[in-house]
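So the structure is just underneath, and the comments pick up after that.
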Amino acid sequence: MAEITHWADVVAEETLEKGNTHLVATGITPSGHIHVGNMREVVTADAAYRALLDKDANAELIYIADTYDPLRKVYPFLDESYEEHVGKPLSEIPCPCGKCKNYADHFLQPFLDSLHRLGIKPEVYLADELYKSGRYNEAIKTALKKRDEIAAILKEVSGKEPTDDWNPFNPICMECGKINTTKVTGFDEREETVDYTCSCGHSGTVPMQGGGKLTWRVDWPARWQILGVSVEPFGKDHASRGGSYDTGKRIAREIFGCEPPHPIVYEWIMLGKEGAMSSSTGVVVSIADMLKVVPPEVLRYLIIRTKPEKHIRFDPAQPLLTLVDQYEKLHHTDTSSEYDRRVKELSHASSLCHTEIPFKHMTTIHQVAHGDFDRILKIVERAGYDTENTECIKQLADNVGNWLDMYAPPFAKFSVQEKLPELAATLSDKQRAFLTTLADALEESAELDGSDYHNLVYSAKEEDGRLHKEMEKVLGDEFKISPKDLFKALYISLLGQASGPKAGWFLSSLEKEFLIRRFREAADYRP
Numbered sequence: 037m038a039e040i041t042h043w044a045d046v047v048a049e050e051t052l053e054k055g056n057t058h059l060v061a062t063g064i065t066p067s068g069h070i071h072v073g074n075m076r077e078v079v080t081a082d083a084a085y086r087a088l089l090d091k092d093a094n095a096e097l098i099y100i101a102d103t104y105d106p107l108r109k110v111y112p113f114l115d116e117s118y119e120e121h122v123g124k125p126l127s128e129i130p131c132p133c134g135k136c137k138n139y140a141d142h143f144l145q146p147f148l149d150s151l152h153r154l155g156i157k158p159e160v161y162l163a164d165e166l167y168k169s170g171r172y173n174e175a176i177k178t179a180l181k182k183r184d185e186i187a188a189i190l191k192e193v194s195g196k197e198p199t200d201d202w203n204p205f206n207p208i209c210m211e212c213g214k215i216n217t218t219k220v221t222g223f224d225e226r227e228e229t230v231d232y233t234c235s236c237g238h239s240g241t242v243p244m245q246g247g248g249k250l251t252w253r254v255d256w257p258a259r260w261q262i263l264g265v266s267v268e269p270f271g272k273d274h275a276s277r278g279g280s281y282d283t284g285k286r287i288a289r290e291i292f293g294c295e296p297p298h299p300i301v302y303e304w305i306m307l308g309k310e311g312a313m314s315s316s317t318g319v320v321v322s323i324a325d326m327l328k329v330v331p332p333e334v335l336r337y338l339i340i341r342t343k344p345e346k347h348i349r350f351d352p353a354q355p356l357l358t359l360v361d362q363y364e365k366l367h368h369t370d371t372s373s374e375y376d377r378r379v380k381e382l383s384h385a386s387s388l389c390h391t392e393i394p395f396k397h398m399t400t401i402h403q404v405a406h407g408d409f410d411r412i413l414k415i416v417e418r419a420g421y422d423t424e425n426t427e428c429i430k431q432l433a434d435n436v437g438n439w440l441d442m443y444a445p446p447f448a449k450f451s452v453q454e455k456l457p458e459l460a461a462t463l464s465d466k467q468r469a470f471l472t473t474l475a476d477a478l479e480e481s482a483e484l485d486g487s488d489y490h491n492l493v494y495s496a497k498e499e500d501g502r503l504h505k506e507m508e509k510v511l512g513d514e515f516k517i518s519p520k521d522l523f524k525a526l527y528i529s530l531l532g533q534a535s536g537p538k539a540g541w542f543l544s545s546l547e548k549e550f551l552i553r554r555f556r557e558a559a560d561y562r563p
């Protein structure tokens with residue numbers, strides 16, 4: 037059977053047919069919290085970039101922050117004071133926390149920090165700096181001179197006819213500071229200035245250098261020409277028929293004289309049952325928050341394992357544990373296919389810090405230890421894991437602690453009770469006999485691991501099992517007990533609830549002497 041080629045390598049192969057030198061671009065507007073949904077774009081771009089490098093291409097990766105886009109509305113996470121800033125470029129609006137240089141920087145910096153942790157290190161361009169530096173001047177002149185040709189392309193491709201006063205350049209009003217309320221009334225190519233009127237009543241003249249920006253459908257192809265972009269991922273909305281990529285292709289070739297980049301169209305990441313993530317609707321999980329919860333490789337794996345054209349459903353609650361399990365299995369398997377090895381390779385982040393402790397097991401250990409790291413280390417050692425790399429264990433413990441605080445569903449949480457729970461009064465005679473014989477067996481046993489505890493508990497059900505034979509002496513030859521009742525007795529006596537974590541791991545995380553004492557106490561409890 038032929039090996040499957042990873043999608044990133046397919047992109048690289050298709051791109052290399054056009055030459056060996058490539059610039060992979062990715063960009064996001066920092067208008068709000070940059071979330072896990074946005075991560076698909078940058079990880080997709082990085083995967084294509086890595087695949088090109090692996091094929092000895094001369095490749096670069098850049099990230100363009102659309103900091104000159106206007107604030108479109110007062111988003112749910114903003115206070116009413118931002119109403120006056122709607123329509124102004126993001127780079128010209130005050131920072132929400134007062135600690136960053138502007139609004140865009142407030143949301144951009146945590147994202148760039150997250151990129152570094154994800155092993156993504158692009159050259160970063162800020163749109164406001166590109167415009168203010170004059171990099172766009174020639175493109176602005178070209179667009180203004182060819183206004184009618186661009187309008188015809190937009191009408192022909194998108195089916196929407198621009199208004200008579202439409203213009204490819206949006207000046208920034210010198211009076212109100214807004215960029216979406218102005219109209220071009222003229223321009224001077226030699227002086228590189230643009231005349232405008234604004235709905236606020238002001239009119240004036242601004243320089244092309246930093247005095248405004250091209251509209252999105254013109255800005256995008258202009259950017260391809262200015263920076264030399266040859267590969268770029270983008271969401272399916274831009275790829276729709278008549279969408280901004282369709283118009284961009286024509287504008288790039290016919291107006292700016294360049295070829296459009298090789299497209300990588302991706303689907304949305306859906307947040308559980310809430311739909312596509314969106315900063316404007318508040319349906320988000322930030323990348324920074326997720327990196328508090330899982331290793332960066334797991335987040336890369338979420339994107340890398342799925343073809344871009346397929347949507348991803350992401351749930352940071354219980355399903356996240358399944359995702360981590362799948363990644364851990366892949367990471368620790370040496371006999372995987374070439375495709376799986378490639379997925380693992382492309383999921384690699386900047387700093388690997390792995391322990392052999394499964395994430396799920398740490399959720400149990402962390403709660404048994406009440407988050408105390410010294411106790412966590414003792415439990416880890418008792419479970420037979422290597423404790424030499426305490427930094428990695430601490431990182432895993434912190435991830436798990438944050439997951440428990442931020443996303444874990446109630447049924448995944450528990451607390452070992454310091455005193456015997458009153459619910460122990462509900463235990464049946466069979467359950468009490470089970471706890472007594474289990475305590476006796478523990479006294480006679482050496483230190484047990486999770487598998488040993490699992491087998492010991494189940495021996496109470498099996499006719500030839502160790503505990504079953506002991507319980508027969510107390511309850512007679514014909515007694516029967518279900519595994520559900522066995523586990524229920526354990527959880528009631530330790531947690532004060534009818535269910536809990538995987539029993540083998542759970543019991544092995546507790547000191548044997550404590551278990552013996554608690555099981556005898558529960559078996560004897562008669563309020």
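In terms of our numbering, the sequence shown has 420 at position 384, counting the first letter as 1, and numbering is strictly consecutive.
Glycine included, every Cβ here is placed at the ideal spot set by N, Cα and C.
query, result
"Closest Cα partner of residue 110 within the set 215, 122 and 99", "122"
"Alpha-carbon spacing of residue 129 relative to residue 168, whole angstroms", "16 Å"
"Three-pair Cβ contact test at 8 Å for the stretch 212–219 versus the stretch 181–200", "no"
"Three-way DSSP call (helix, strand, coil) for residue 94 in this model", "strand"
"Residue 530 versus 290, 381, 52 and 403, residue with shortest Cα-Cα distance", "403"
"Range of the contiguous alpha helix (DSSP H) that encloses residue 205", "That residue, residue 205, is in no alpha helix (DSSP H); its beta strand (DSSP E) goes 205–207."
"Coil, strand or helix - residue 231 by DSSP", "strand"
"When 549, 550, 116 and 489 are compared against residue 522, the one with the closest alpha-carbon", "489"
"Any non-hydrogen atom of the ligand ATP closer than 8 Å to residue 428 Cβ", "Absence of the ligand ATP is noted for the structure shown, with no ligands found whatsoever."
"Residues near residue 96 by beta carbon distance below 6 Å, same chain, minus five either side", "59"
"Unbroken beta strand (DSSP E) run spanning residue 243, endpoints", "239–243"
"Collapsed DSSP secondary structure at residue 250 in the structure displayed", "strand"
"Residue environment, residue 226, which counts as buried when at least 16 other CB atoms sit within 10 Å", "exposed"
"CB-CB length for residue 359 against residue 379, believed under 8 Å", "Actually they are not in contact, since the Cβ atoms of residue 359 and residue 379 sit about 13 Å apart, beyond 8 Å."
"Cα-Cα separation between residue 394 and residue 361, rounded to whole angstroms", "7 Å"
"Residue 306 in three-state terms, based on DSSP", "strand"
"Buried/exposed call for residue 333, threshold 16 Cβ in 10 Å", "buried"
"At least 3 beta-carbon pairs within less than 8 Å: the stretch 301–308 vs the stretch 252–267", "no"
"Three-state secondary structure assigned by DSSP to residue 291", "coil"
"Nearest to residue 447 (by Cα), restricted to the options 430, 398, 508 and 535", "535"
"CB of residue 418 within 9 Å of CB of residue 544, strictly", "yes"
"Extent of the continuous beta strand (DSSP E) run through residue 162", "159–162"
"Nearest neighbour of residue 328, chosen from 160, 477 and 434 [CA to CA]", "434"
"Own chain partners of residue 37 with C-beta closer than 7 Å, once the 5 adjacent residues on each side are dropped", "Its pLDDT being 46, under 50, residue 37 is placed unreliably by the model, and nothing is read from it."
"Residues that DSSP places opposite residue 219 in a beta bridge", "233"
"Given 8 Å, three or more beta-carbon pairs between the stretch 75–95 and the stretch 42–61", "yes"
"Cβ neighbours of residue 117 in the same chain (closer than 6 Å, five flanking residues each side left out)", "none"
"Short Cβ contact (9 Å threshold) for residue 440 with residue 558", "no"
"Three-way DSSP call (helix, strand, coil) for residue 299 in this model", "strand"
"Alpha-carbon spacing of residue 143 relative to residue 69, whole angstroms", "6 Å"
"Environment of residue 278 [buried if 16+ CB atoms lie within 10 Å]", "exposed"
"Separation of residue 87 from residue 382, as counted between CA atoms", "8 Å"
"Contact check, residue 467 vs residue 401, beta carbons under 9 Å", "no"
"Proximity to residue 510 [Cα-Cα], best of 469, 475 and 238", "469"
"Cβ shell of residue 443 (< 8 Å), same chain only, five flanking positions each side left out", "329, 352, 353 and 356"
"Same chain, Cβ closer than 7 Å to residue 471, neighbours up to 5 away in sequence not counted", "525, 529, 555, 558 and 559"
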